[in-house]
Amino acid sequence: MRFRHGILALAGIAALAACSGPETPRLMNASSATSGPDEFGIVPNRPLEMPQDMATLPAPDPGGTNRTDPSPQADAVAALGGAPQAGSAAGDRPILEYATRFGVVPNIRERLAAEDLAFRRENDGRLLERVFNVNVYYRAYEQMSLDQQAELARWRARGVTTPAAPPDPESDGG
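Be aware that the sequence shown starts at 12, since it is given in my numbering, and climbs by one per residue.
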């Protein structure tokens, strides 16, 4: 009788192990399960404008760019204080020098990905959380998170105005 119970227990464990997930731990499921369009990849065109002088219009270029075509990279460079018209890193030397003032790690993406994978493997949840696919992302990274309300209070105590900050959810609102 004990032998049969042992066999059934082993079969149950083997069946449970067969239901395991992917090799790498997944704390948050940020990818879409569908093959539809990426809503973040859609960039609207700029509005049409009438130029001040028709002579300044460039010659038509079939297959080339249009004045109303979106240019998110150039817009981001301009928003960060760079020179989008330079079109290369050489034109943005001041911003590059400031960003790299403490040095540059050439393989930072691969290094961070490896460190994050090791951290997530150490913090991938308890047995039943893994079995029932419970999200443990926030608990795993809790020690690294910033207490928003405490930080907001610290800045307000220094006299910094924070008009866009939301009120404390635990306060009565008054």
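Ideal Cβ positions, reconstructed from N, Cα and C, are used throughout, including at glycine.
Residue i (DSSP reduced to helix, strand or coil)
i, result
"residue 111", "coil"
"residue 50", "coil"
"residue 64", "coil"
"residue 171", "coil"
"residue 135", "coil"
"residue 176", "coil"
"residue 157", "coil"
"residue 143", "coil"
"residue 149", "helix"
"residue 59", "coil"
"residue 86", "helix"
"residue 181", "coil"
"residue 71", "coil"
"residue 17", "helix"
"residue 91", "coil"
"residue 127", "helix"
Closest by C-alpha distance to residue i, when choosing among the options
i, options, result
"residue 151", "132, 166, 159 and 164", "132"
"residue 83", "54, 139 and 121", "54"
"residue 134", "148, 143, 121 and 125", "148"
"residue 109", "158, 91, 170 and 120", "91"
Test item: CB-CB of residue i and residue j under 7 Å
i, j, result
"residue 93", "residue 106", "yes"
"residue 57", "residue 76", "no"
is_contact[residue i, chain C] using C-beta, thresh 7 Å
i, result
"residue 71", "Structure shown: chain C not included; a single protein chain is present."
| task | Would you check if there are 3 or more beta carbon pairs closer than 8 Å linking the stretch 138 to 155 to the stretch 164 to 183? | result | no
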